Ligand code: WQD
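Numbering (the working numbering), first residue to last: 63 to 399.
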């Protein structure tokens with residue numbers, strides 16, 4: 063079974079390629095290498111002993127997408143990660159995000175509708191909920207007006223997929239990630255943020271390595287137990303495994319609707335200070351940080367209700383925050399050697 067993974071050399075993409083190969087799938091990874099490195103292929107090979115077929119390809123080029131599918135019309139499933147994903151950057155450069163995240167999706171779907179059967183897994187995000195009213199967040203929580211073009215591209219993407227499913231053979235599952243962190247236990251693949259990390263955990267590990275002077279904690283005046291914001295940090299390998307489970311659900315025609323939605327989180331919320339304290343325990347070293355003002359656009363709290371993923375999808379996150387942070391730390395130390 064040939065599976066296309068777009069953004070296959072990226073953070074979540076590469077971990078998903080490993081899990082697909084572990085399950086015996088033949089994988090084609092495509093990536094435009096704008097936010098990843100070709101060396102990731104080596105990392106995947108070192109883990110599974112199999113190198114996926116790789117093609118450097120920019121999904122914004124419609125003719126390249128058409129050419130790809132003319133040569134690979136035996137693809138039975140697509141897991142679509144390729145997208146720009148920095149919230150702040152999307153505010154500064156909205157057209158980059160609308161062109162990359164929306165045009166690529168449209169060109170991809172146009173080719174999928176020509177295949178005899180198409181099973182499509184879409185990388186979405188809990189960001190579509192904005193600040194949800196009720197915790198933990200269920201899949202039927204209202205999608206709120208996006209506070210960033212990045213978040214808007216995820217909402218628009220879900221709507222495009224839903225409209226296409228109504229009139230074509232494309233069956234889809236929308237996976238709304240909470241906060242992916244960590245790295246494969248082998249430390250052969252992990253997160254490779256380019257430039258200054260936007261996300262909390264890579265900033266923590268780079269600070270611990272002495273690459274950053276100190277971590278700024280964005281706000282300690284939130285209405286939470288310790289004043290810092292709460293998120294649901296999920297191990298990237300748990301997340302990757304969920305993609306394989308979702309793909310199999312479609313391939314085995316177990317889906318009850320043409321488009322299904324699942325929240326992928328641990329179901330546990332952790333504050334920024336709790337993450338810092340857990341990291342200090344794991345790394346056995348003090349982290350240098352200071353409290354500063356809130357970051358524009360941040361929400362107070364988000365953690366997943368995992369019932370639907372557990373009961374319907376048949377998937378549950380296995381790793382603890384401690385294990386996820388330990389894997390992130392092991393990876394950071396490995397790449398800085
Ligand atoms: C987590 C918490 C920050 C950095 C975003 C996207 C989401 C997904 C994950 C792509 C927040 C605090 C952070 C720092 C800090 N992206 N923080 N100092 O914002 O929850 O989610 O990334 O799919 O779609 O919205 O993740 O890791 O940036 O922040 O205090 O240097 O850590 O304020 O409370 P976020 P994050």
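All C-beta atoms in this analysis are idealised placements derived from N, C-alpha and C, irrespective of residue type, glycine included. In this text, all values refer to a predicted model and were calculated from it rather than measured experimentally.
Tell me whether residue i, by its Cβ, gets closer than 7 Å to a heavy atom of the ligand WQD.
i, result
"residue 260", "yes"
"residue 189", "yes"
"residue 248", "no"
"residue 149", "yes"
"residue 155", "no"
"residue 279", "yes"
"residue 334", "yes"
"residue 241", "yes"
"residue 136", "no"
"residue 302", "no"
"residue 265", "yes"
"residue 291", "yes"
"residue 238", "no"
"residue 360", "yes"
"residue 122", "no"
"residue 357", "yes"
Assign residue i to one of two classes, buried (16 or more other C-beta atoms within 10 Å of its C-beta) or exposed (fewer than that).
i, result
"residue 178", "exposed"
"residue 221", "exposed"
"residue 229", "exposed"
"residue 259", "buried"
"residue 75", "buried"
"residue 277", "buried"
"residue 98", "buried"
"residue 176", "exposed"
"residue 125", "exposed"
"residue 100", "exposed"
"residue 157", "exposed"
"residue 93", "buried"
"residue 285", "exposed"
Just the C-alpha distance for residue i and residue j, rounded to the nearest angstrom, thanks.
i, j, result
"residue 275", "residue 362", "26 Å"
"residue 80", "residue 208", "32 Å"
"residue 235", "residue 368", "16 Å"
"residue 145", "residue 171", "15 Å"
"residue 83", "residue 96", "24 Å"
"residue 180", "residue 214", "25 Å"
"residue 183", "residue 379", "18 Å"
"residue 342", "residue 147", "28 Å"
"residue 267", "residue 135", "42 Å"
"residue 110", "residue 247", "13 Å"
"residue 385", "residue 302", "16 Å"
"residue 251", "residue 299", "11 Å"
"residue 396", "residue 107", "17 Å"
"residue 192", "residue 132", "39 Å"
"residue 67", "residue 149", "23 Å"
"residue 115", "residue 366", "34 Å"
"residue 120", "residue 186", "20 Å"
"residue 217", "residue 206", "9 Å"
"residue 347", "residue 314", "48 Å"
Using 8 Å as the threshold, is the C-beta distance between residue i and residue j below it?
i, j, result
"residue 70", "residue 309", "no"
"residue 212", "residue 159", "yes"
"residue 164", "residue 321", "no"
"residue 389", "residue 270", "no"
"residue 199", "residue 325", "yes"
"residue 173", "residue 128", "yes"
"residue 311", "residue 375", "yes"
"residue 279", "residue 351", "yes"
"residue 486", "residue 297", "The shown model of the chain, from 63 to 399, leaves out residue 486, and the question about it has no answer."
"residue 130", "residue 253", "no"
"residue 387", "residue 334", "no"
"residue 210", "residue 153", "yes"
"residue 168", "residue 64", "no"
Going by DSSP in three states, residue i sits in which element: helix, strand or coil?
i, result
"residue 267", "helix"
"residue 100", "coil"
"residue 297", "strand"
"residue 272", "coil"
"residue 398", "coil"
"residue 330", "coil"
"residue 242", "strand"
"residue 111", "coil"
"residue 354", "strand"
"residue 306", "helix"
"residue 131", "helix"
Does the ligand NAP have a heavy atom nearer than 7 Å to the CB of residue i?
i, result
"residue 106", "In terms of ligand content, the structure shown lacks the ligand NAP and carries the ligand WQD instead."
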